[in-house]
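Colleague:
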Amino acid sequence: MKRYIRQSFHELEGEVASGHDYIIIARNPAANMSFHEVKKSLTHVLKLARVLRKTVK
Numbered sequence: 259m260k261r262y263i264r265q266s267f268h269e270l271e272g273e274v275a276s277g278h279d280y281i282i283i284a285r286n287p288a289a290n291m292s293f294h295e296v297k298k299s300l301t302h303v304l305k306l307a308r309v310l311r312k313t314v315k
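In terms of my numbering, the sequence shown is residues 259 to 315.
1) I believe S266 touches L300 by the beta-carbon criterion, under 8 Å. Please report the beta-carbon distance rounded to the nearest angstrom.
2) Can you tell me where the alpha helix (DSSP H) holding E295 begins and where it ends?
3) Contact check, Y262 vs V296 under 8 Å by CB: the rounded distance?
4) According to DSSP, what are the bridge partners of L310?
5) Are the beta-carbon atoms belonging to E271 and L310 less than 7 Å from one another?
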């Protein structure tokens with residue numbers, strides 16, 4: 259799970275506002291998620307936090 263979150267964040271790194279520290283906490287249901295589900299969920303959370311610089315598909 260940690261690897262999926264790290265890789266997802268790495269792929270989104272250019273879109274995320276710099277100058278901040280981010281702490282990502284995975285809950286138990288995330289243990290059964292695929293990489294694409296983790297990335298989609300992380301993208302959704304970052305959009306809600308309004309820290310994405312541009313729209314990510």
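Ideal placement from N, C-alpha and C gives every residue a C-beta, glycine not left out.
Modeller: The answer reads as follows:
1) 5 Å
2) Boundaries of the alpha helix (DSSP H) harbouring E295: F293 to L306, taken from the DSSP string.
3) 4 Å
4) L310 pairs with V274.
5) no
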